[in-house]
Amino acid sequence: MLLNVPLGKLQENYQTKLMESKDHRMKATSEILKNMRILKLQGWEMRFLSEILDLRKIEAGWLKKFVYTNAVVTFVFWGTPTFVAVVTFSTCMILRIPLESGKVWSALATFRILQEPIYNLPDTISVMIQTKVSLDRIAAYPKKNEICMEPAIRSCIVVVQTVAIYKNAS
Numbered sequence: 013m014l015l016n017v018p019l020g021k022l023q024e025n026y027q028t029k030l031m032e033s034k035d036h037r038m039k040a041t042s043e044i045l046k047n048m049r050i051l052k053l054q055g056w057e058m059r060f061l062s063e064i065l066d067l068r069k070i071e072a073g074w075l076k077k078f079v080y081t082n083a084v085v086t087f088v089f090w091g092t093p094t095f096v097a098v099v100t101f102s103t104c105m106i107l108r109i110p111l112e113s114g115k116v117w118s119a120l121a122t123f124r125i126l127q128e129p130i131y132n133l134p135d136t137i138s139v140m141i142q143t144k145v146s147l148d149r150i151a152a153y154p155k156k157n158e159i160c161m162e163p164a165i166r167s168c169i170v171v172v173q174t175v176a177i178y179k180n181a182s
């Protein structure tokens with residue numbers, strides 16, 4: 013149970029980073045779709061496609077970290093009932109408390125009753141973390157500036173404007 017606190021913080025951090033990377037990718041995709049005519053006219057499709065794929069790699073990295081952390085949390089919680097039973101019966105053996113069938117069956121029945129809520133706890137914690145991140149993002153949204161003038165994709169596209177000056181052009 014104590015192991016869950018740092019893992020929960022790690023999950024929250026990964027969920028926040030995942031949502032930020034999704035925002036960057038969606039903003040870039042939206043900007044590309046709005047300017048598709050210009051991109052096709054200038055032949056810049058592949059350059060922007062590679063930018064979107066890079067953003068997707070970053071997002072996939074955060075998603076991978078989040079899912080792995082979630083798997084560790086689930087493993088810890090699913091292993092907890094077995095661990096508790098082993099520790100309980102080992103302690104009884106070390107302290108030389110006789111393990112009679114009635115006591116063993118009662119203890120196993122109690123562990124079984126507690127097992128189901130413990131199995132559901134990792135999913136509940138994960139959903140609560142995702143909800144907290146979402147609510148934090150919703151609370152931060154009204155505090156942002158109205159319009160973000162910064163482009164979503166910063167690439168090295170140089171627009172060259174040439175001006176022709178004609179003297180005595182008749």
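First residue of the sequence shown? That's 13 in this note's numbering, and the numbers climb one at a time after it.
Each residue gets a CB set at the ideal place from its N, CA and C atoms; glycine is no exception.
Fair warning: this is a prediction, and the values are worked out from it, not measured in the lab.
For residue j and residue i, the rounded distance between their alpha carbons
i	j	result
L147	M140	10 Å
L65	A72	10 Å
T103	K69	49 Å
K155	R149	10 Å
C168	E128	Because C168 sits at a pLDDT of 46, beneath the cut-off of 50, its placement in the model cannot be relied upon, and the following sentence gives the value as read from the coordinates. Approximately 56 Å, taken between the alpha carbons.
A151	K144	10 Å
K46	I125	57 Å
W56	G91	53 Å
R108	Q142	47 Å
F123	H36	46 Å
I106	F95	16 Å
A121	T28	40 Å
Check whether residue i and residue j have beta carbons under 8 Å apart
i	j	result
V85	L19	yes
I44	P93	no
I137	N25	no
F60	L51	yes
S42	W74	no
8 Å contact criterion, which residue i and residue j should meet: CB distance rounded
i	j	result
L67	A97	L67 to A97, Cβ: 47 Å. No contact.
F101	P134	About 25 Å separates the two Cβ atoms, so there is no contact after all.
**Study point:** In chain order, each alpha helix (DSSP H) run of at least 4 residues that lies wholly inside the region 49-128
**Key:** Those alpha helix (DSSP H) runs which fall completely within the region 49-128 and span 4+ residues are 57-106.
**Study point:** Contact the region 74-83 vs the region 111-125: 3+ CB pairs below 8 Å
**Key:** They do not touch, by the three-pair rule.
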